[in-house]
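Chains as they are written, first to last, in this note's numbering: chain A, 1 to 831; chain B, 1 to 255.
Backbone N, C-alpha and C define an ideal beta-carbon position, used for all residues, glycine too.
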Amino acid sequence: MLQVALAQVRMHARRFVAVGLAVVMAVGFLTATLMVNASTEASLANSIGAGFRNADLVVTAGEDGELDGAMAAAVAKADGVAEVYAQRHSRVAFGSGTQAGFGLMQDLAPRSLDSLTVVSGRLPAGNGEVAVDDTTAAKYGLAAGTSLKLAAGSGTVAARDLKDAAGATVTGVVKASKDPLLMGQPQLHALPVLAARLAGDSGYYPSIQARVADGTSVTEAKAAVESALDGAGSVVVRTADEQTKAVVAMFTGGQDQLTIILLAFALIALLVCALVVSNTFSVLVAQRTRELALLRCIGAGRNQIRRSVIVEALLVGTAASILGVLGAIGLMAGIIAVLQRQPDTEFAVLAVPGHAVAAGLLAGVVMTVLAALSPARAATAVAPLAALRPVDDARLGNRRGKVRLAAGLVLTVAGGAILALGATTANLLIALPGGALSFVGLLMCASLFVPPLVRGVGQLARPLGVPGRLAAVNAVRNPGRTSATAAALLIGVTLVTMMMTGAQTARQVFDTQLGAEYPVDITVTDRALDGRPLDQAAARTAARHEGVTAAGLVTVAGSTEIDGSQTPVYRLGPGQAQLLQDKSLVLDAGTVLVPQGSGVKTLAVAGAEGSKTLTAVETGSRFFPPLVSAAVAEELGGPAPEQADAGAGPQLWLAVDRELGAAELMQLRTDLAAELNVNDYQLSGAAIERAAFNQIIDVMLLVVTGLLAVAVLIALVGVANTLSLSVLERTRESSLLRALGLTTGQLRGMLALEAVLVAGVAALIGTVLGVLYGWLGARSALGVFGDVAPSLPWLQLAAVLAVAVVAGLLASVLPARRAARLSPVEGLATT
Amino acid sequence: MTTTSEQSPAAARPATAAAATLSLNKTYGSGDTRVHALRDVDVSFEQGRFTAIMGPSGSGKSTLMHCLAGLDTADSGQVWIGGTDITGLKDKQLTRLRRERVGFVFQAFNLVPTLTAEQNILLPVALAGGTADRDWFRQVTSALGLADRLRHRPHELSGGQQQRVAVARALLTRPDVVFGDEPTGNLDSKAGAEVLSLLRRSAVEMGQSIIMVTHDPVAASYADRVVLMNDGELVGELDHPDADSVLGALAKLGA
Ligand SMILES: Nc1ncnc2c1ncn2[C@@H]1O[C@H](COP(=O)(O)OP(=O)(O)O)[C@@H](O)[C@H]1O
Ligand SMILES: [Mg+2]
Numbered sequence: 001m002l003q004v005a006l007a008q009v010r011m012h013a014r015r016f017v018a019v020g021l022a023v024v025m026a027v028g029f030l031t032a033t034l035m036v037n038a039s040t041e042a043s044l045a046n047s048i049g050a051g052f053r054n055a056d057l058v059v060t061a062g063e064d065g066e067l068d069g070a071m072a073a074a075v076a077k078a079d080g081v082a083e084v085y086a087q088r089h090s091r092v093a094f095g096s097g098t099q100a101g102f103g104l105m106q107d108l109a110p111r112s113l114d115s116l117t118v119v120s121g122r123l124p125a126g127n128g129e130v131a132v133d134d135t136t137a138a139k140y141g142l143a144a145g146t147s148l149k150l151a152a153g154s155g156t157v158a159a160r161d162l163k164d165a166a167g168a169t170v171t172g173v174v175k176a177s178k179d180p181l182l183m184g185q186p187q188l189h190a191l192p193v194l195a196a197r198l199a200g201d202s203g204y205y206p207s208i209q210a211r212v213a214d215g216t217s218v219t220e221a222k223a224a225v226e227s228a229l230d231g232a233g234s235v236v237v238r239t240a241d242e243q244t245k246a247v248v249a250m251f252t253g254g255q256d257q258l259t260i261i262l263l264a265f266a267l268i269a270l271l272v273c274a275l276v277v278s279n280t281f282s283v284l285v286a287q288r289t290r291e292l293a294l295l296r297c298i299g300a301g302r303n304q305i306r307r308s309v310i311v312e313a314l315l316v317g318t319a320a321s322i323l324g325v326l327g328a329i330g331l332m333a334g335i336i337a338v339l340q341r342q343p344d345t346e347f348a349v350l351a352v353p354g355h356a357v358a359a360g361l362l363a364g365v366v367m368t369v370l371a372a373l374s375p376a377r378a379a380t381a382v383a384p385l386a387a388l389r390p391v392d393d394a395r396l397g398n399r400r401g402k403v404r405l406a407a408g409l410v411l412t413v414a415g416g417a418i419l420a421l422g423a424t425t426a427n428l429l430i431a432l433p434g435g436a437l438s439f440v441g442l443l444m445c446a447s448l449f450v451p452p453l454v455r456g457v458g459q460l461a462r463p464l465g466v467p468g469r470l471a472a473v474n475a476v477r478n479p480g481r482t483s484a485t486a487a488a489l490l491i492g493v494t495l496v497t498m499m500m501t502g503a504q505t506a507r508q509v510f511d512t513q514l515g516a517e518y519p520v521d522i523t524v525t526d527r528a529l530d531g532r533p534l535d536q537a538a539a540r541t542a543a544r545h546e547g548v549t550a551a552g553l554v555t556v557a558g559s560t561e562i563d564g565s566q567t568p569v570y571r572l573g574p575g576q577a578q579l580l581q582d583k584s585l586v587l588d589a590g591t592v593l594v595p596q597g598s599g600v601k602t603l604a605v606a607g608a609e610g611s612k613t614l615t616a617v618e619t620g621s622r623f624f625p626p627l628v629s630a631a632v633a634e635e636l637g638g639p640a641p642e643q644a645d646a647g648a649g650p651q652l653w654l655a656v657d658r659e660l661g662a663a664e665l666m667q668l669r670t671d672l673a674a675e676l677n678v679n680d681y682q683l684s685g686a687a688i689e690r691a692a693f694n695q696i697i698d699v700m701l702l703v704v705t706g707l708l709a710v711a712v713l714i715a716l717v718g719v720a721n722t723l724s725l726s727v728l729e730r731t732r733e734s735s736l737l738r739a740l741g742l743t744t745g746q747l748r749g750m751l752a753l754e755a756v757l758v759a760g761v762a763a764l765i766g767t768v769l770g771v772l773y774g775w776l777g778a779r780s781a782l783g784v785f786g787d788v789a790p791s792l793p794w795l796q797l798a799a800v801l802a803v804a805v806v807a808g809l810l811a812s813v814l815p816a817r818r819a820a821r822l823s824p825v826e827g828l829a830t831t
Numbered sequence: 001m002t003t004t005s006e007q008s009p010a011a012a013r014p015a016t017a018a019a020a021t022l023s024l025n026k027t028y029g030s031g032d033t034r035v036h037a038l039r040d041v042d043v044s045f046e047q048g049r050f051t052a053i054m055g056p057s058g059s060g061k062s063t064l065m066h067c068l069a070g071l072d073t074a075d076s077g078q079v080w081i082g083g084t085d086i087t088g089l090k091d092k093q094l095t096r097l098r099r100e101r102v103g104f105v106f107q108a109f110n111l112v113p114t115l116t117a118e119q120n121i122l123l124p125v126a127l128a129g130g131t132a133d134r135d136w137f138r139q140v141t142s143a144l145g146l147a148d149r150l151r152h153r154p155h156e157l158s159g160g161q162q163q164r165v166a167v168a169r170a171l172l173t174r175p176d177v178v179f180g181d182e183p184t185g186n187l188d189s190k191a192g193a194e195v196l197s198l199l200r201r202s203a204v205e206m207g208q209s210i211i212m213v214t215h216d217p218v219a220a221s222y223a224d225r226v227v228l229m230n231d232g233e234l235v236g237e238l239d240h241p242d243a244d245s246v247l248g249a250l251a252k253l254g255a
């Protein structure tokens, strides 16, 4: 029977192309996912290891411990240690011209342990010299010869604060470290003397690196260092390799979760693929009924028939899995090659772990064979007599698995009930399995609702004449086949629209939440970078900015004591009430607005000219500063002088255009910060939070949709596949129609309509289910924040439907072309 | 009574014939496997007559019919249907011609399995986007004894009933010619005789031109005229044939 199977695959290679393609995609996805993980680890090891590339041993602090200079001295004295680099980090402020920033000062290593790559200039040789990393050099306009002001410390810094600080000259620019712990912050390098002077007591040693003397083994030296440090405190001595592994392990703790999430998507793709494979084999077996019966007639046993189908699946699955793995490797190699060309990710390394290859191959083959089991069993049910019976062209109505339907209904109802429970009690852990169960149940009884719906929607095609009518009939000619094809597409569409609805609903919930959380759209706090307080000029600048609808300077009116701490009280000027998010708040001469949860009835507010006790009105926001009216502020006569020194300065309150999108708001923040000469983070508030949150949601949605797109794509291959197999099956009928006057255009249109009907109805059901699941899911996850009303992303949902319809059209192109190429006589040849 | 000539005299007047060809040639394959399915076929079929094309298996009968009906194109030569030269027409025009001016009855697979008998009968009209002449429809279906079978699907009909549905479909558009390729080949002799009488009646009573391919002398005896083919060539013809004269003519061909 192996011969028969081989002959099948060779003869009908084209019929297996689509199944193969589906398997290639699913296996590729799975393998790529596993490779992402391994490549990330390898890339991290590459970037982290760079810092230790000349060291043999690395000493780091153990839990709760800290390294110090004495330990470095002890390591240096240990037997077999040739040289030691006690790397010391300290935070420094640096200024150049009008710009200032914070960075990490590291002392230079002895030459033999040095791992820096000089880009231009040279490394410092004297105590008044520093080197900076290339990113910082570009950002602050530094180059060899630039003079810098350096001071110890952290916090806000302005260039003028550094005018009395010590000076140093930049001697060179080095490549920025790609160590994730160091990346993104300015890195300065100086000789230990200067570094120590700046660090004072504040520096700390992340590690002590040691080079082992020639002739001593690393193991011996390691033991010597360990004994030298015995009793010195909690330290860990590792070889450079071990150190790299340990740090990578620390970083990839979270990476594992990402891999698990990615794997979940790969599993969905595999599941969809299994449906497509199973459906294809069912069709192939059905089309071969006569041939199988003939084999049975001439003495083939049931087992032999079954085996021959399974062997076919094995052949197709193996070939496609190998291609899928190769494709994944190619794809990842391409991505890594691109990354290596980017300055920030040039340390990226491709890793092809054996387990990724093995898992891809195994999953692909096992999935294909498992999916073919049920069609193989169907093949054994072919009676030898079927070979002698005339072919029944209209095989209307097929036996449905009653057990499967019953189980599906039970799962749907039970899962639905659990999901509803989870949604009403706002418990995602209950809702999640309930949702999954009910969805599996629905898929199992897809043959109950898909064919009637396709038939119903097919009525819409009636006005298109004979092709429309025939398309509607043909789409449900084999209800089982139609259901399975639609179910594969249904999975992806449901998950995509579920994510869209969930995201939109979450957005809605958080919008409402954030509205109440913050007093205004954007608050600008603290001083400008040049040290001057915010003033009316700044307010005017902000008001003129595109996207800002109103701006006001809110000044300090006095101070009060809330929860035992002195808090500045602000003055809401005339006309500034429109800036508040909560328009229902009223402020009169006898009241003070206080943050949510203050729990006070009255509040004494003190100013330069006396104090006043006011009725406290609690607002809905925890970040609300105590606020009094202009009239009250007048009576208080401004803040007391000692308070003015305490640092609480005027704030800028802004209202922004509601229509602005997340990206536009983030841009507005950056632009405005530059214009007002403040740091980005000094701008905060509801609008910013909303934008940041929306950006996260948008990115997540994009990523999830992208991942699910693989499943959708596989399902569409399934649609094209089923259609082309049906076309093969209906060769005679197509020829007859052509002979009777159906034009090739009408024939193509008919098949396109058929595909669009199946894809469109699957998308429609998927969208309805997705919206339902998305809303219930959002209720379960966010119900604790309050009432969750469903919020539908109409545009996105419409886009999903449109994509499904267009994809259906595309899926019909190849089968239709083949059908149209057939001349009317070819199919009519009587056998 | 029986005249055997090398060429049909009607070939000279293609414009008035129901269908006609002029030196039609068609080959299949190339090299060693090259088959001359039609060699310089000149033939003309008069209007309102029932003609049978006969010959041994593989003599080119079906190929001739396909070329005549615009289902297939010849390598060289000309074809007329109802006075229209269809040589070199594009697929789209041929398709229109087929649904408006030609009717078909095939040996098997005549009906679309998903459509009812009535829908099958109306199919060419529906494909042309037209409306059927209901009186004519009733007349045809009752003459063919299908009036009470119209709502049935093909698999609910007997073989003879299926062929009668196909005949009704072919007659409904009052085409220039109805072509039949072994229309009774799959039927038992009783059902076959029924279908053949119907075809004969439609030629006699309605003046419908009919061209039927067959290798059955009994079937051919229902025709007004028999055209004999052998090895891709026209080799003679019989007027007003009966089963014996047809058998005799065939025997002469050595078939
Ligand atoms: N599609 C085809 N490809 C190759 N040869 C063909 C094809 N159709 C018919 N033939 C050959 O052309 C000749 C005439 O065929 P056909 O017209 O079907 O004969 P008939 O209908 O008289 O039996 C035969 O030799 C047949 O083998
Ligand atoms: Mg034939």
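If you measure from each CB to the nearest heavy atom of ligand 1, the residues under 6 Å come out as B:28, B:29, B:35, B:37, B:55, B:57, B:58, B:59, B:60, B:61, B:62 and B:63. A contact between stretches requires three or more CB pairs, one per stretch, nearer than 8 Å, and the segment 661-677 of chain A fails this requirement with the segment 486-501 of chain A.
Secondary structure of residue 86 of chain B (DSSP, three-state): coil. DSSP, read as helix, strand or coil, puts residue 382 of chain A in coil.
With respect to chain B, the C-beta atom of residue 478 of chain A has no partner C-beta closer than 8 Å. A distance below 8 Å separates the beta carbons of residue 682 of chain A and residue 526 of chain A. Taking the beta carbon of residue 132 of chain B as reference, no residue of chain A falls within 8 Å; the closest one sits roughly 13 Å away. DSSP, read as helix, strand or coil, puts residue 179 of chain B in strand. Put simply, the CB of residue 665 of chain A is far from chain B, with every gap to its CB atoms at 8 Å or more. Residue-level contact check: residue 36 of chain B does not touch chain A, since none of the beta carbons of chain A fall below 8 Å from its beta carbon. The beta carbon of residue 464 of chain A sits no closer than 8 Å to any beta carbon of chain B. Membership of residue 45 of chain B in the beta strand (DSSP E) is indicated by the continuous run 35-45. In the DSSP assignment, residue 568 of chain A forms a beta bridge with A:559. When the alpha-carbon of residue 65 of chain B is set against those of B:249, B:239, B:227 and B:236, the nearest one is in B:227. Near chain A, meaning a CB-to-CB distance below 9 Å, the residues of the segment 145-170 of chain B are 153, 154, 155 and 169.
When the beta-carbon positions are compared, residue 72 of chain A and residue 61 of chain A stay at least 8 Å from each other. In this structure residue 43 of chain A is buried. Its beta-carbon is surrounded by 16 or more other beta-carbon atoms within 10 angstroms.
Contact between the segment 243-253 of chain B and the segment 90-104 of chain B is absent: fewer than 3 CB-CB pairs across the two stretches fall below 8 Å. The three-state reading of DSSP puts residue 693 of chain A in helix, counting H, G and I together. Among the residues facing chain A, residue 89 of chain B is not included, as its CB has no counterpart in that chain under 8 Å away. Under the Cβ distance rule, residue 99 of chain B counts among the residues neighbouring chain A, one pair being separated by less than 8 Å. Distances from the alpha-carbon of residue 37 of chain B to those of B:117, B:73 and B:119 put B:73 closest. For residue 104 of chain B, the nearest beta carbon of chain A is closer than 8 Å to its own beta carbon.
Residue 380 of chain A and residue 291 of chain A have their C-alpha atoms roughly 12 Å apart. Residue 104 of chain A is bridged by DSSP to A:91 and A:187. Under the three-state reduction of DSSP, residue 347 of chain A is assigned to coil, being neither helix nor strand.
For the C-beta of residue 824 of chain A, the chain B residues within less than 7 Å are, from N- to C-terminus, 71. Among the bridge pairs identified by DSSP, residue 699 of chain A is matched with none. Contact between residue 110 of chain B and residue 147 of chain B fails: their C-beta atoms lie close to 19 Å from each other, not under 8 Å.
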